[in-house]
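Protein chains in written order, with this note's numbering: chain A, 8 to 272; chain B, 8 to 272. For every residue, glycine included, the Cβ atom is placed at its ideal position computed from N, Cα and C.
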């Protein structure tokens, strides 16, 4: 059997994006990794903060942001502008040449506006295609792709797409030819049986148990999209999917400690 | 003599960025061009509008924006986020696959923070290097680079750099190996002897006349950086430098009409 190249798809959001020292520790850890890495970021709290300063009240439904035209401008500014360029510039300080990308760049991620839904999400896009060859060309050139959760419909419209969904879609798109490890970093130590109680973290979670825990309400609505994305990536052939605390990422990828919850089929 | 490849460096700002129909006409015209194009954009009025909504009062000195930390966030959001991604997404509607870039992306444009100046400009960068090979690789892949006027110092700091300066620096960097035409689009019909009077446009302006007109105050301070950048590009070997109204760009590049002011040495 031919040894496949290893690709790590790392997703960060929340505190990892908002807190400079957490972000720096993650970028430093990525800089030391010897294998291919693609970083996907969310917007942390900054989009919400900016929206409020502009008099827009953010509305979330089941962990997803309702995006009207004014909110789309805010997320494009914060995700594709401020956060994306900050991360790319910070990578340079760690000796890594990164390239910041959103869905329209090089037609990287196309999506269609979500219309058949009970909830009116607004300018929210469901991914229809990821250009793996484009990302490969960057990786081959020694550029680390840093991807903001903005997509486009190919007809001129920008769309907002959940960062976990983008990370899972990219990991899945690479799974045919690469050994892909998807790391979903967030602000909890893993999937907990008791919310916030680190001692109740499940080291492993399979799909049957996931269904059981969602039915019984142990896994709450905010966690559902993240876990659904994770299991979808597994089903698409991604080799490893792990939810872990952003603060645990550095020591985990340095093989110094176990961390978080590994999803298994 | 070997025929050199032709590269058009097009700079847009002001109304061309703010007004959707002007922008659409420029993108449509670029989509029809058979030769290489790099588009550099400013931020139009949106950075100023957003700054005011956030309670920040923009300060301009000699056509250049004073950029404190809060204003840097605003210009990164508006230039590298909103405007850049809007343009890239709009190009897709014209059948052009573009890639939005800022200085930190792929370490495209490095700059040093301006310190030796009478005016305290804040986070303003003077360009130290442009990665021509990276831009060439995009052009060779059929990707049209769309460049926001944000640079970085290579040590983690984003910087604000004038878009005319970036356009001139990119044109100059390509001049050794390409036949380069620099088109500086703006909101006036060219260099006018009487401000706003189209009949007073100079079809041609040479460096000696430029010095004369600046000394006598006919060319005002807001125009100085644009013209200095244009003459610097000529001196660096750029083949053609033209200042023209954004509305005249489409018919000019379609060879349907003359437009604006051509700078000559």
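Three-state class that DSSP yields for residue i in the structure shown
i, result
"residue 133 (chain A)", "strand"
"residue 237 (chain A)", "helix"
"residue 213 (chain B)", "strand"
"residue 141 (chain B)", "helix"
"residue 76 (chain B)", "helix"
"residue 43 (chain B)", "strand"
"residue 283 (chain A)", "Past the edges of chain A, shown from 8 to 272, lies residue 283 (chain A), and the structure says nothing about it."
"residue 67 (chain A)", "strand"
"residue 269 (chain A)", "strand"
"residue 3 (chain B)", "In the structure displayed, chain B extends from 8 to 272; residue 3 (chain B) sits before or after that span and is not available."
"residue 87 (chain A)", "helix"
"residue 18 (chain B)", "strand"
"residue 120 (chain A)", "strand"
"residue 218 (chain B)", "helix"
"residue 225 (chain B)", "coil"
"residue 158 (chain A)", "strand"
"residue 191 (chain B)", "strand"
"residue 61 (chain A)", "coil"
With 16 other Cβ atoms within 10 Å as the buried cut-off, status of residue i
i, result
"residue 89 (chain A)", "buried"
"residue 204 (chain A)", "exposed"
"residue 41 (chain B)", "exposed"
"residue 15 (chain B)", "buried"
"residue 95 (chain B)", "buried"
"residue 268 (chain A)", "buried"
"residue 121 (chain A)", "buried"
"residue 202 (chain B)", "exposed"
"residue 27 (chain B)", "exposed"
"residue 140 (chain A)", "exposed"
"residue 227 (chain B)", "exposed"
"residue 261 (chain B)", "exposed"
"residue 72 (chain B)", "buried"
"residue 229 (chain A)", "exposed"
"residue 224 (chain B)", "exposed"
For residue i, the nearest candidate out of the options (CA to CA)
i, options, result
"residue 47 (chain A)", "A:169, A:124, A:162 and A:59", "A:169"
"residue 49 (chain A)", "A:158, A:112 and A:217", "A:158"
"residue 264 (chain B)", "B:99, B:210, B:233 and B:217", "B:210"
"residue 130 (chain A)", "A:118, A:136, A:141 and A:140", "A:118"
"residue 161 (chain A)", "B:99, B:51, B:54 and B:196", "B:99"
"residue 216 (chain A)", "A:103, A:229 and A:199", "A:199"
"residue 6 (chain B)", "B:271, B:266, B:229 and B:43", "Nothing in the structure corresponds to residue 6 (chain B), since chain B is present only between 8 and 272."
"residue 214 (chain A)", "A:134, A:191 and A:248", "A:248"
"residue 86 (chain A)", "A:155, A:68, A:24 and A:135", "A:155"
"residue 189 (chain A)", "A:61, A:55 and A:270", "A:270"
"residue 163 (chain B)", "A:54, A:93 and A:52", "A:93"
"residue 13 (chain B)", "B:62, B:229 and B:143", "B:143"
"residue 218 (chain A)", "A:206, A:272 and A:191", "A:272"
"residue 105 (chain B)", "B:266, B:45 and B:206", "B:45"
"residue 266 (chain A)", "A:180, A:149 and A:195", "A:195"
8 angstroms Cβ cutoff met for residue i and residue j
i, j, result
"residue 236 (chain B)", "residue 172 (chain B)", "yes"
"residue 132 (chain B)", "residue 166 (chain B)", "yes"
"residue 259 (chain A)", "residue 233 (chain A)", "no"
"residue 38 (chain B)", "residue 97 (chain B)", "no"
"residue 33 (chain A)", "residue 253 (chain A)", "yes"
"residue 151 (chain B)", "residue 103 (chain B)", "yes"
"residue 257 (chain A)", "residue 36 (chain A)", "yes"
"residue 212 (chain B)", "residue 221 (chain B)", "no"
"residue 197 (chain B)", "residue 146 (chain B)", "no"
"residue 68 (chain B)", "residue 24 (chain B)", "no"
"residue 61 (chain B)", "residue 60 (chain A)", "yes"
Own chain residues within Cβ distance below 7 angstroms of residue i, not counting five before or after
i, result
"residue 58 (chain B)", "65, 78 and 81"
"residue 63 (chain A)", "77, 78 and 81"
"residue 29 (chain A)", "22, 23, 253 and 254"
Neighbourhood of residue i by C-beta distance below 8 angstroms, restricted to the same chain and skipping five residues each side
i, result
"residue 182 (chain B)", "240, 243, 244, 245 and 246"
"residue 84 (chain A)", "57"
"residue 138 (chain B)", "113, 114, 115 and 116"
"residue 134 (chain A)", "116, 117, 118, 158, 168, 172, 173 and 176"
"residue 55 (chain A)", "65"
Same chain, Cβ closer than 6 angstroms to residue i, five either side skipped, listed in chain order
i, result
"residue 174 (chain A)", "16, 18 and 47"
"residue 11 (chain A)", "185 and 186"
"residue 75 (chain A)", "129"
"residue 110 (chain A)", "116, 157, 158 and 159"
"residue 101 (chain B)", "34, 35 and 38"
"residue 52 (chain B)", "25"
"residue 136 (chain A)", "117"
| task | May I ask you to list, following chain order, the residues of the region 59 to 88 of chain A that have a beta carbon less than 8 angstroms from some beta carbon of chain E? | result | This model lacks chain E altogether; the protein chains it does include are A and B.
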